[in-house]
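S.K.: Each residue of the sequence shown is one higher than the one before, counting from 4 in our numbering. We treat Cβ as the ideally placed atom computed from N, Cα and C, and that holds for glycine. Here it is, the structure in full.
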Amino acid sequence: MHTLRLQCTRPCRMIVQRTASVWEADAFPDCSRRCFSTQDAAPRLRFAPSPTGFLHLGGLRTALYNYLFCKQTGGTFVLRIEDTDQARVVPGAVENMFESLSWLGIDPDEDVRRGGRFGPYVQSERLKLYQEQVEVLLETQTAYRCFCSPLRLELMRKEAIKSSQVPRYDNRCRKLSFEEAEKRHEAGEPSVIRLKLDSRLYQYTDAVYGPVSCGTDQEGDLVLLKGDGFPTYHLANVVDDHFMEITHVLRGVEWQISTPKHLRLYEAFGWTPPVFAHLPLLMNTDGSKLSKRHGALDILQYREKGIYPEALINMLVQAGGGFRNLNVAQTNKLFRMEELIEKFDLSLVNKNSCQIAFDKLPDFNKEVLRSKMKTPSELAGLVREVQTLVSSKYGKQLDPLVAENILTWSKGRISTLQDLLAPDMEFVWIRPANDVLSISKLGGDVVQLVIDSFLDIPTSDFNSSNVPKLLREMAEENNLKFKELMHTLRLALCGTTQGPSIGEVVEILGKDECLYRLQNITAEKQNKARSP
């Protein structure tokens with residue numbers, strides 16, 4: 004049995020004592036001002052990435068589910084940067100995080116840029132707070148100074164591995180008296196601060212996995228504050244969640260094993276823990292771990308490949324579940340963020356590892372493009388994107404009407420706008436050389452016949468259905484082999500003998516561009532005929 008002495012950290016400062024045989028969240032009674040209860044407060048959730056790399060799918064899923072829960076419940080979404088592992092900080096990672104979340108439409112309510120009542124929102128700017136809180140634990144003797152050298156710790160680790168045991172600290176310095184430890188510290192001897200763990204069972208209700216029981220009997224006492232004054236993840240995480248008044252912690256299931264340590268810290272401080280919810284692992288469809296080789300890119304690399312945020316988000320929610328009355332797992336239907344917010348249900352999140360169907364991402368993106376083409380303002384945005392792509396690759400300023408015509412044809416045919424720049428689509432952007440018919444069995448006279456026929460077709464009827472019929476009739480009337488006519492026309496319009504059907508080609512290029520290309524060829528033929 005353990006007696007807990009708890010003091011409210013809020014205005015009433017009430018002190019209560021409670022006896023508990025195991026750690027339970029309800030071991031903390033409400034004080035007279037309900038300071039130990041968060042049930043009457045709007046939820047506060049945080050996404051707390053470490054800038055040791057760029058945002059990836061796992062991080063995105065965590066950010067998204069925190070965001071959905073907040074927006075559904077009228078809560079506050081906090082972005083906190085956990086940069087205590089300074090040696091592993093990647094330059095540009097924080098900026099990448101901000102840009103990625105902004106692109107995805109997952110905007111925090113509080114962060115280092117927007118500010119808020121609970122800042123700073125970067126852990127390296129909160130060192131004084133962590134050091135102050137560790138002093139509280141030293142005073143209550145729930146933590147102690149450890150003077151073991153790195154060499155001793157490394158030898159212990161190697162010996163444990165050699166003996167097929169789990170490496171753990173042997174708690175040697177726990178035996179030091181408080182007075183002796185302080186004397187050695189004041190003399191300048193290097194030390195870290197460790198939390199006293201014990202062989203107890205910790206019980207809590209995971210909002211995803213339900214009742215969970217786990218202990219720390221295989222753990223050595225936990226380092227809280229390193230010799231350089233920086234906290235470990237566990238200390239900073241718990242302290243920040245408390246002082247930022249975080250009510251719910253949604254994080255990856257890989258952190259579930261750390262929850263007993265965090266509960267022990269909450270107990271040592273006398274604080275009420277938040278609600279914990281752990282999200283299952285994301286896997287490939289073959290059950291292997293996500294990797295760059297299998298498509299686990301950083302989020303902005305998907306943007307560079309022409310993927311839209313809506314497609315990426317829909318692929319993720321299809322894998323993870325967590326939605327009422329939305330059949331997200333059995334359809335390629337796109338769900339808007341507003342729908343996902345309304346239907347989100349944490350209790351319905353998958354408990355098993357989630358397999359991401361990367362092969363469905365192109366289909367989702369195709370649906371996004373199809374949807375955007377229905378709205379004039381979004382279609383105009385797509386036109387500008389196509390113009391930018393063409394200008395970047397070919398140095399060509401594309402007429403907006405031509406771009407819109409190409410987009411209309413491409414609806415349902417392409418997954419990304421980059422598909423329009425594929426090798427078999429180069430004929431759209433690069434006009435054929437004027438002497439391209441030198442390898443054709445038919446000459447300029449036939450091209451002139453085609454020009455005359457095209458001129459007679461109303462622009463509204465110039466499409467993949469009508470033009471091939473007209474060309475077949477023209478071939479019959481002029482005793483031409485239809486196959487040779489198509490070969491000649493493809494050379495004249497595309498500069499190649501392979502590619503989309505002539506019906507598709509004329510629909511992509513449009514009447515004016517087709518006539519322009521054909522007339523250039525006949526003009527070249529006439530110039531050569533007049534040359535001496």
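(1) Quick one: grab the DSSP three-state call for Arg83.
(2) Which partner residues of Met286 appear in the DSSP bridge assignment?
(3) Using the Cβ count rule (16 or more neighbours within 10 Å means buried), how would you classify Glu510?
(4) If you reduce the DSSP assignment to three classes, tell me which class Asp231 lands in.
(5) Suppose the cutoff is 7 Å on Cβ atoms and the five residues either side in sequence are ignored; what does the same chain contact list for Asn523 look like?
(6) According to DSSP, is His265 helix, strand or coil?
(7) Buried or exposed: where does Ser534 fall if 16 or more other Cβ atoms within 10 Å of its Cβ makes it buried?
(8) Just to confirm my understanding: we take Pro234, look at its own chain, exclude 5 residues before and 5 after, and list those with CB closer than 6 Å. What are they?
(9) Going by the beta-carbon positions, is the gap between Leu137 and Ile84 smaller than 9 Å?
(10) Between Trp106 and Glu313, what straight-line distance do the alpha-carbon atoms span, to the nearest angstrom?
(11) Quick one: is the Cβ of Ser103 within less than 8 Å of any heavy atom of the ligand HEM?
(12) Please list, in chain order, all residues of the same chain as Asn353 whose beta carbon is under 7 Å from its beta carbon, the five residues on each side excluded.
(13) Quick test of your reading: Leu544 and Asp112, contact by CB under 8 Å. State the CB separation rounded to the nearest angstrom.
(14) Going by the CB atoms, is the gap between Ala495 and Arg475 shorter than 9 Å?
(15) So, for Pro46: in the same chain, excluding its five sequence neighbours on each side, which residues have a beta-carbon less than 6 Å away from its beta-carbon?
(16) Does DSSP classify Thr462 as helix, strand or coil?
(17) Our contact map puts Gly506 next to Val470 with C-beta atoms below 8 Å; I'd like the distance itself, whole angstroms only.
(18) Evaluate Asn317 with the Cβ neighbour count: other Cβ atoms within 10 Å of its Cβ, from every protein chain shown; 16 or more gives buried, anything less gives exposed.
(19) Quick check: the Cα distance between Glu480 and Val450, rounded to an integer number of angstroms?
(20) Using a 10 Å radius around the Cβ and a threshold of 16 neighbouring Cβ atoms, would you call Met4 buried or exposed?
(21) Assign Val169 to buried or exposed, taking buried as 16 or more other Cβ atoms, counted over all protein chains shown, within 10 Å of its Cβ.
(22) Under a three-way DSSP split, which group does Glu113 fall into?
(23) Got a sec? Which residues, its chain only, sit under 8 Å from Leu140 by beta carbon, not counting five neighbours each side?
(24) Select from Leu204, Gly191, Phe150 the residue whose C-alpha is nearest the C-alpha of Lys178.
(25) Relative to the C-alpha of Gly223, which candidate in Leu67, Ser356, Met159, Ser166 has its C-alpha closest?
(26) Which residues does DSSP list as the beta-bridge partners of Ile196?
(27) Checking 9 Å against the spacing of the C-beta atoms, do Phe367 and Leu337 come in under that value?
(28) My output table needs one value for Phe39: the three-state DSSP class, helix, strand or coil.
(29) Could you check whether Ala210 and Ser380 sit closer than 9 Å to each other, using their CB atoms as the reference points?
(30) Less than 9 Å between the C-beta atoms of Leu392 and Leu372, yes or no?
(31) Under 9 Å, do Asn82 and Arg49 count as touching if we go by C-beta distance?
(32) In whole angstroms, what is the alpha-carbon distance linking Pro503 and Leu492?
(33) Counting C-beta neighbours from all protein chains within 10 Å, is the total for Glu341 16 or more, i.e. buried, or is it exposed?
(34) Tell me Gly273's beta-bridge partners as DSSP assigns them.
(35) Here's a check: name, in chain order, each residue in its chain whose Cβ is nearer than 8 Å to the Cβ of Ser467, leaving out the five neighbours to either side.
(36) Between Gly498 and Pro403, is the Cβ-Cβ spacing less than 9 Å?
M.R.: Inspection of the coordinates gives the following:
(1) coil
(2) Lys292, Gln358
(3) So Glu510 ends up on the buried side.
(4) It is coil, neither helix nor strand.
(5) Here the set comprises Asn437.
(6) helix
(7) Residue placement at Ser534 is poorly supported in this model, since its pLDDT is 48, which falls under 50; the coordinates are not used for a value here.
(8) Thr87, Tyr133, Leu228
(9) In the sequence on display, residue 137 carries Val and not Leu. In this structure, Ile84 does not lie closer than 9 Å to Val137 by Cβ.
(10) Taken atom to atom, the span from the alpha-carbon of Trp106 to that of Glu313 is near 10 Å.
(11) Because no ligand of any kind appears in the structure shown, any question about the ligand HEM cannot be addressed here.
(12) Exclusion of the five residues before and after Asn353 leaves Pro283, Gly323, Gly324 as the residues of its chain whose Cβ lies within less than 7 Å of its Cβ.
(13) Residue 544 lies beyond the range of the chain shown here (4 to 535); nothing can be said about it.
(14) no
(15) Apart from sequence neighbours up to five positions away, the residues of its chain that approach Pro46 with a beta-carbon distance below 6 Å are Thr76, Gly78, Thr250, His251, ordered along the chain.
(16) helix
(17) 6 Å
(18) Flag for Asn317 reads buried.
(19) If I take the Cα positions, the gap works out to 15 Å.
(20) Annotation note: pLDDT 38 at Met4 (below 50); position unreliable, coordinate value reported separately. Looking at its Cβ environment, which holds fewer than 16 other Cβ atoms inside 10 Å, Met4 is exposed.
(21) exposed
(22) strand
(23) If the five residues before and after Leu140 are omitted, its C-beta is found closer than 8 Å to the C-beta atoms of Ala146, Ile196, Leu198, Leu227, Ala271, Phe272, all from its own chain and listed in chain order.
(24) Phe150
(25) Met159
(26) Arg148, Leu228
(27) Phe367 is a Cβ neighbour of Leu337, given a cutoff of 9 Å.
(28) Since pLDDT at Phe39 reaches only 37, below the 50 mark, its modelled position is unreliable, and the value read off the structure follows with that caveat. Note: Phe39 maps to coil in three-state DSSP.
(29) no
(30) no
(31) At residue 82 the sequence reads Leu, which differs from the Asn that was named. Contact check for Leu82 against Arg49 passes: the beta carbons are separated by less than 9 Å.
(32) The alpha-carbon atoms of Pro503 and Leu492 are separated by roughly 12 Å.
(33) It is exposed - the Cβ of Glu341 has fewer than 16 other Cβ atoms within 10 Å.
(34) The partner list for Gly273 (beta bridge, DSSP) is empty, contrary to what the question assumes.
(35) Ser504, Gly506, Glu507, Val509, Glu510
(36) Cβ atoms of Gly498 and Pro403: not closer than 9 Å.
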